[in-house]
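In what follows, a single structure is set out as structure tokens and then discussed.
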Amino acid sequence: MKTILMKYFRSGVILIAVVLLATTAYSLSGRPGIAAGDAKEELKVSNKGPVSVSGITLELIQGYQVDDHFQVEVCYSLPDQRDWLISISSTDTLLRIDGEDYPVSETGMVSRSKGSDGKYNLRCEALLFPVQRVTTGSSFQVTISKIFVSEPETIDCTALQRKIESVQSGIEIQCANEPHMSGFHVISWPNNKMTQKMANELAHNIANDAHIGPWVLADIAK
Amino acid sequence: MKMKIVKFIFALLLIVILSLRPESIVLAVTCSGYSCNNTDPGTTGCNADAATIYRKIFTNTEVQLRFSDTCQTRWSKTFNDGDLNYYGNATLRYYYYGAVYLGPGYSVYSNQRYGMGYQACGDVGAYPMNYLINDSAKCTSSY
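Residue numbers (the numbering used here), protein chains in the order written: chain G, 1 to 222; chain R, 223 to 365.
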């Protein structure tokens with residue numbers, strides 16, 4: 001009798017273990033909508049954040065249709081007083097809706113808030129995507145890959161060269177030298193390590209103190 | 223006694239100057255209010271605390287409306303987002319424009335204007351655009 005009971009007990013323990021393993025595996029792999037890699041995957045989960053990556057916390061406020069654009073509003077913490085912007089290049093920020101990706105076409109600052117020290121510490125931004133007829137209740141996901149400080153109108157080229165050199169040696173830059181013109185580009189780089197395009201991107205990331213994400217957030221359209 | 227007072231004041235001034243943080247020195251600007259009209263936001267120092275209010279993206283172009291808290295001025299800035307050299311134009315709608323030949327990633331900006339309710343417009347293209355751009359499709363919202 002005791003042996004039979006022990007057998008049942010062992011079988012029960014094994015069954016519970018199998019169920020627990022299966023549940024864990026499902027919850028790890030089967031959360032629909034969070035994975036950024038599968039374009040055909042349906043988004044069902046709301047994940048508005050806040051999400052903290054690279055020292056910046058970002059939160060999705062809402063997303064809704066405005067005329068011929070889908071507007072997504074996000075707020076993010078500011079590392080300091082400077083003009084921190086979400087990169088809106090088509091490789092950095094994308095809206096995924098119904099399995100399709102859309103780049104940003106317009107942005108607008110909704111608000112900036114100051115902390116108790118009187119310094120700006122939070123910015124809210126509206127991102128507009130050229131998507132028409134998104135119905136209320138549709139799931140969407142926003143991926144933001146970079147937040148950086150806007151490029152100033154005047155650049156201290158010597159100081160910038162030093163700053164780049166302190167992070168990556170072998171990159172030499174040339175700055176704009178005409179009135180009303182701003183910017184710089186790399187003129188030499190360690191070509192055994194990187195292409196000119198990579199060197200340019202790295203130099204701009206260093207210059208603009210870029211914080212690299214991604215911040216991935218999802219919600220249901222209002 | 224007089225020399226001592228002078229020395230004391232000098233030392234006090236030195237302490238005050240040295241205690242100034244670098245950013246408060248950078249924020250020194252050379253214009254205010256209407257005297258900023260039609261001046262360069264870079265050379266006047268108004269750009270030191272600039273915020274980018276609106277951005278608009280279209281073919282090879284990013285147009286920005288920039289705003290200075292200190293000077294209460296606005297100006298337009300246009301980036302060449304293409305992979306080739308192009309002519310660029312940055313227009314503060316109805317007032318000023320800047321137009322230059324731009325390498326990839328470079329930007330052109332207009333003069334600034336005091337007040338509110340301005341739009342930034344701009345474009346990059348194969349031909350010089352030495353005029354005010356007034357096409358709404360190439361302009362940001364107003365601020």
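A virtual CB, placed ideally from N, CA and C, is assigned to each residue, including glycine.
Under the three-state reduction of DSSP, leucine 324 of chain R is assigned to strand. Excluding residues up to 5 positions away in sequence, Arg288 and Ser290 lie with their Cβ nearer than 6 Å to the Cβ of alanine 272 of chain R in the same chain.
Bounds of the beta strand (DSSP E) holding alanine 272 of chain R are 272-280. Chain-ordered, the chain R residues with CB closer than 9 Å to the CB of isoleucine 88 of chain G read Arg277, Ile279 and Glu284. When C-alpha distances from serine 113 of chain G are compared across G:Ile147, G:Leu78 and G:Phe129, the shortest belongs to G:Leu78. For the C-beta of alanine 250 of chain R, not a single chain G residue is nearer than 8 Å; the gap to the nearest is close to 14 Å. Distance from the Cα of glutamate 201 of chain G is smallest, within the candidate group G:Gly183, G:Gln132 and G:Gly63, for G:Gly183. Here methionine 338 of chain R is not bridged, per DSSP, to any residue. Of all residues in the region 81-112 of chain G, those with a C-beta nearer than 8 Å to a C-beta of chain R are Gln81, Asp83, Leu85, Ile88, Ser89, Pro103, Val104, Ser105, Glu106, Thr107, Gly108, Met109 and Arg112, reading in chain order.
Sequence-distant partners of glutamine 341 of chain R (beyond 5 residues in either direction) whose C-beta falls short of 6 Å from its own C-beta, in its chain, are Arg315, Cys361, Thr362 and Ser364. Interface criterion not met: the Cβ of threonine 261 of chain R is under 7 Å from no Cβ in chain G. When only Cα atoms are considered, serine 332 of chain R and aspartate 345 of chain R end up about 12 Å apart. At a cut-off of 7 Å, the C-beta of alanine 176 of chain G has a neighbouring C-beta in chain R. Taking a beta-carbon distance threshold of 7 Å, histidine 180 of chain G counts as an interface residue toward chain R.
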